[in-house]
Amino acid sequence: MASNRELNIELGRYQTAQQLFSVGARVPIVRELTQLSPWLLRKFYVDTTGEKPSRGPIPSSVEWYLTGINHLQSSLFLQYYQSVQVDEGEVNASYLLLAYQMWRSSWALTQLKSTLSFDRAWWLIKLIRSDLIKGQACRVCRGIYIVGLKRLGTYRCPRCFKSTLNYGPRKKQFDYLPPREKSSNSVSSMAYISSSESSSVS
């Protein structure tokens, strides 16, 4: 017979799974984060949502995080994740959920299309843990951005890079202020983008 402690742990896993499903996480990712069986998770998903779980490959591209609006969203999410993470252990569902909810609330204020799914947010942290991409401070404003390995040590964010160029009447089409990292590793400001349409961010 299971002890109260074991029952509480199991209940906590299902509660975490329900929270993960609520932000769009797919069964394979929920399985990795909760250690529950795929069969139980698929049944639990149907029971809680009334729908069949999504199928298809999990996002695995590195380049997706390095271009355009995806890059800005991913960089902002990473800043939030770093602010809530308290240890360097395994990727933790609680940290991911909290950071993703903080990111989603902040990004909604920009009124721009959201492209960073929870699955992609999870994969971003996995890529960083595997040293395939990095979070790097802009060498001008010190905001944290996702950077490919070839640009480590030389990176300037879109705003700082474009401020060095003479765009004339086009200069004000793009404005991005990243969150800045304090010594306490907390988010002290949020991203804002002023643009006529999201496609102007590149």
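So the sequence shown is residues -1 to 200, counted in the working numbering.
Glycine residues also receive a C-beta, built at the ideal position from the N, C-alpha and C atoms.
Tell me the residue span of the alpha helix (DSSP H) that contains K83. For the purposes of this step, residue 83 is identified with residue 85 of the sequence shown, where counting begins at 1. The residue asked about is misnamed: residue 83 is Gln in this sequence, not Lys. Where Q83 is concerned, there is no enclosing alpha helix (DSSP H), given that its DSSP letter is neither H nor E.
Would you kindly work out how many angstroms separate the C-alpha atoms of V21 and L130, rounded to a whole number? On the sequence shown, residue 21 is found 23 positions in, with the first residue counted as 1. On the sequence shown, residue 130 is found 132 positions in, with the first residue counted as 1. Distance between the alpha carbons of V21 and L130 is about 25 Å.
Separation of L122 from R94, as counted between CA atoms: As a first step, residue 94 is located in the sequence shown; it is residue number 96 there, counting from the start. As a first step, residue 122 is located in the sequence shown; it is residue number 124 there, counting from the start. The sequence shown places Leu at residue 94, rather than the Arg named in the question. So the two alpha carbons sit approximately 11 Å from each other.
Does the beta-carbon of I56 have 16 or more other beta-carbons within 10 angstroms, so that it is buried, or is it exposed? Numbered from 1 along the sequence shown, position 58 holds the residue referred to as residue 56. By the 10 Å Cβ count, I56 comes out exposed.
Would you mind working out which of G146, Q83 and Y98 sits nearest W120, comparing C-alpha positions? Your numbering for residue 120 matches position 122 in the sequence shown. Taking only the C-alpha atoms, the option nearest W120 is Y98.
Buried or exposed for F159, please, with buried defined as at least 16 other CB atoms from any protein chain shown within 10 angstroms of its CB. Indexing the sequence shown from 1 puts residue 159 at position 161. It counts as exposed.
Going by DSSP, what residue range makes up the alpha helix (DSSP H) through V28? By one-based count along the sequence shown, residue 28 stands at place 30. Looking at the DSSP string, the run of the alpha helix (DSSP H) that includes V28 is V25 to T32.
My assumption, with CB atoms under 8 Å, is that V60 sits in contact with L125. Please give the rounded CB distance. Position 62 of the sequence shown, counted from the start, is the residue given in the question as residue 60. Position 127 of the sequence shown, counted from the start, is the residue given in the question as residue 125. Sure, about 6 Å apart at Cβ, within 8 Å.
When we look at the beta-carbon of P36 and count the other beta-carbons within 10 Å, is it buried (16 or more) or exposed? Counted from its first residue, the sequence shown places residue 36 at position 38. P36 comes out exposed.
Alpha carbon of V89 to alpha carbon of R157, nearest angstrom: Position 91 of the sequence shown, counted from the start, is the residue given in the question as residue 89. Position 159 of the sequence shown, counted from the start, is the residue given in the question as residue 157. Spanning the two alpha carbons is a distance of roughly 31 Å.
Could you say which of Q17, D45, S52 and R11 lies nearest to V25 if we only look at CA atoms? Position 27 of the sequence shown holds residue 25. Closest option to V25, Cα to Cα, is S52.
Helix, strand or coil at G208 according to DSSP, with G and I counted as helix: Any answer about residue 208 is impossible in this case: the structure gives the chain only from -1 up to 200.
Going by other Cβ atoms of all chains shown within 10 Å of its Cβ, with 16 needed for buried, is L70 buried or exposed? Position 72 of the sequence shown holds residue 70. That one is buried.
Output yes if chain D places a C-beta closer than 9 Å to the C-beta of S103; else output no. Among the chains of the structure shown, chain D does not appear; only one protein chain is present.
Burial state of Q77, where buried means 16 or more other Cβ atoms lie within 10 Å: Counting from 1 along the sequence shown, the entry for residue 77 is found at position 79. Buried: at least 16 other Cβ atoms inside 10 Å.
Roughly how many angstroms lie between the CA atoms of F42 and R127, to the nearest whole one? For the purposes of this step, residue 42 is taken as the residue at position 44 of the sequence shown. For the purposes of this step, residue 127 is taken as the residue at position 129 of the sequence shown. Cα-Cα distance, rounded: 30 Å.
So, is Q33 buried or exposed, given that buried needs 16 or more other C-beta atoms within 10 angstroms? Position 35 of the sequence shown, counted from the start, is the residue given in the question as residue 33. It counts as exposed.
Applying the criterion that 16 or more other CB atoms from any shown protein chain within 10 Å of the CB defines a buried residue, is A23 buried or exposed? Here residue 23 is taken as the residue at index 25 of the sequence shown, counted from 1. Burial call: buried.
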